[in-house]
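Written below as structure tokens is the structure these notes are about.
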Amino acid sequence: MAELEVGKYVLASYNSGAYIGKLLEDRRNFQLVEVLAVVKHPNQGDLHNPGQVENVAFFERKALGFKEKMNVQRRKVQAFDGEIPDYHDSLKQALQQLKDELSQEDTAFNKKSLEKLADLEAHYYHK
26 MAELEVGKYV
36 LASYNSGAYI
46 GKLLEDRRNF
56 QLVEVLAVVK
66 HPNQGDLHNP
76 GQVENVAFFE
86 RKALGFKEKM
96 NVQRRKVQAF
106 DGEIPDYHDS
116 LKQALQQLKD
126 ELSQEDTAFN
136 KKSLEKLADL
146 EAHYYHK
């Protein structure tokens, strides 16, 4: 695998979401990345019990903010050489994509996830 250079743009997976960012620091097994755009909105619910609603803590997970830093495992970071979209446009697109996926099947998990996403939109994303 090619070595990533500090200052270059990367695609990073972090807590069930995916982001385009700038590599700020190499920390051996981890990479410090600054968020510039959202590729995939994080999944809702308990990451250790995906698809479950009962007897689990169902967490609301918002996307990382513009210029927020994340410490990502090295193996979950790869070079990115495409065009970087506007953060807010990318967030809207990633959120809509997740909502569309969840709307495909009528399950308790999908309904609860859609409720959490609606809360995020109302309280965080449209401020």
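In terms of the working numbering, the sequence shown opens at residue 26 and continues consecutively. Each residue gets a CB set at the ideal place from its N, CA and C atoms; glycine is no exception.
Cα-Cα separation, residue i to residue j
| i | j | result |
| --- | --- | --- |
| LEU49 | GLY32 | 6 Å |
| ARG64 | ASP106 | The identity of residue 64 in the sequence shown is Val, whereas the question assumes Arg. If you take the alpha carbons of VAL64 and ASP106, they lie about 14 Å apart. |
| HIS73 | GLU108 | 33 Å |
| SER115 | ALA104 | 18 Å |
| GLN56 | GLY90 | 17 Å |
Coil, strand or helix - residue i by DSSP
| i | result |
| --- | --- |
| ALA88 | coil |
| ASN96 | strand |
Extent of the continuous beta strand (DSSP E) to which residue i belongs
| i | result |
| --- | --- |
| SER38 | 34 to 39 |
| VAL65 | For the sequence presented, residue 65 should be read as Lys rather than Val. Residues 55 to 65. |
| ILE45 | 42 to 52 |
| VAL102 | 102 to 104 |
Which listed residue (the options) has its alpha carbon closest to that of residue i
| i | options | result |
| --- | --- | --- |
| GLN121 | GLU93, LEU145, LYS94 | LEU145 |
| SER164 | ALA88, GLU130, VAL81 | With the chain represented from 26 up to 152, any question about residue 164 goes unanswered, as that position is not in the structure. |
| GLU79 | LEU36, LYS137, HIS151 | LYS137 |
| PHE84 | PRO67, GLY90, LYS92 | PRO67 |
| GLU241 | SER38, ALA37, LYS47 | It is not possible to answer for residue 241, since the shown part of the chain is limited to 26 through 152. |
| LEU5 | ARG86, PRO110, TYR149 | No information on residue 5 is available, as it lies outside the stretch 26 to 152 that the chain covers here. |
Endpoints, alpha helix (DSSP H) assigned at residue i
| i | result |
| --- | --- |
| PHE134 | 133 to 145 |
| LEU120 | 112 to 128 |
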